[in-house]
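Novice: Pasting in a structure now, in structure tokens, and then I'll have a few things to ask.
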Amino acid sequence: VGPEAPLADGIVDYFQDKGIPIFGTTKAATQIESSKVFAKELMQKYKIPCARSVSFSTYTQAKKYIQRQQPPLVVKADGLAAGKGVTVADSIPQALEALATIMKDKAFGAAGDRVVIEECLSGREMSAFVFTDGVTVVPMAAARDYKPVFDGDNGPNTGGMGSYSPPHFYKPALAKKVSETIMEPAVKAMHKEKRLYKGVLYGGLMITKDGPKVIEFNA
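So the sequence shown is residues 4 to 222, counted in this note's numbering.
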């Protein structure tokens, strides 16, 4: 199963209950993508490197927090938004506009009931992929994905404007670090949370001066 929406709706659970073979993640496991709040809490609990962040369920509290920060900031809708629920804001007014779009205007419906406000990581962005049965983790070739809609990495994020594989900077030492500090720990964390993760795990990463950090996970 490729699209995230049917995974989040539990199509894998339904097929499994009927005894029909299917490749993909269960509804519980898909929450690593379908809820950014859940994913951030998981990473923080299991010390998987990621951007510093705070989650909010009310517009007023999120607005007050943003007004106390220094840009750039990343504003994310909690739920699925077809790759369009994330704004990298270069100014406080832009961050507040993104917040209002998500929580007041309800541009993404219930997906915007909660938001994640996080630091904007700098470095080289890349995508890591693994196959897993919930225990064993087998890496695939990495890729570099370009999400902003306009040239020069400008404009709002999309589901992807283009990509290439493998990234020229993705050497064996970096691949080993990504596997050992991010992808394998994420699969183990889901196992410990009784959300056995079977399928393909995608890690959207930023290679910072402090090493690789997670931007997001996709199922």
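Note that the Cβ used here is the ideal one computed from N, Cα and C, for glycine as well.
(1) Under a Cβ-count criterion, where at least 16 other Cβ atoms within 10 Å of its own Cβ denotes burial, should Thr61 be classed as buried or exposed?
(2) Classify Lys216: buried if its beta carbon has 16 or more other beta carbons within 10 angstroms, exposed otherwise.
(3) Using the C-alpha atoms, what's the distance from Ala92 back to Ala101?
(4) Please confirm whether Gly162 and Thr28 have their CB atoms less than 8 Å apart.
(5) Taking the alpha helix (DSSP H) that Met193 belongs to, which residues open and close that run?
(6) Does the ligand PLP have even one heavy atom less than 7 Å from the beta-carbon of Phe134?
(7) So for Ser94, helix, strand or coil by DSSP?
(8) Under the three-state reduction of DSSP, which class applies to Ala222: helix, strand or coil?
(9) Rounded to a whole number of angstroms, what is the C-alpha to C-alpha distance between Lys107 and Gly158?
(10) Out of Tyr17, Thr211, Leu10, which one is the CA nearest neighbour of Ser37?
(11) According to DSSP, is Ser58 part of a helix, a strand, or is it coil?
(12) Using three-state DSSP, classify Pro9 as helix, strand or coil.
(13) Leaving out five residues before and five after Phe59 in sequence, what residues of the same chain have Cβ atoms less than 6 Å from its Cβ?
(14) Using alpha carbons as the reference points, say which of Met186, Ser166, Glu196 lies closest to Cys53.
(15) Would DSSP call Phe41 helix, strand or coil?
(16) In chain order, what residues of the same chain have a beta carbon less than 7 Å from the beta carbon of Ala80, not counting five sequence neighbours either side?
Specialist: Based on what the coordinates show:
(1) Flag for Thr61 reads exposed.
(2) Burial call: buried.
(3) Rounded to the nearest angstrom, the gap between the Cα atoms of Ala101 and Ala92 is 8 Å.
(4) Cβ distance not < 8 Å, so Gly162 and Thr28 don't count as in contact.
(5) Residues 187-195.
(6) Ligands displayed in this structure: none; no statement on the ligand PLP is therefore possible.
(7) Here Ser94 carries a coil assignment [DSSP, helix/strand/coil].
(8) Coil, per DSSP.
(9) Spanning the alpha carbons of Lys107 and Gly158 requires a straight line of approximately 21 Å.
(10) Comparing C-alpha distances from Ser37 to each of Tyr17, Thr211, Leu10 shows the shortest one belongs to Leu10.
(11) In this structure, Ser58 counts as strand in the three-state DSSP scheme.
(12) Annotated three-state conformation of Pro9 is helix, per DSSP.
(13) Excluding sequence neighbours, Phe59 sits near Ala65, Val118.
(14) The residue with the shortest Cα to Cα distance from Cys53 is Met186.
(15) Note: Phe41 maps to helix in three-state DSSP.
(16) Gly88, Ile105, Phe111, Ala114, Gly115, Val118.
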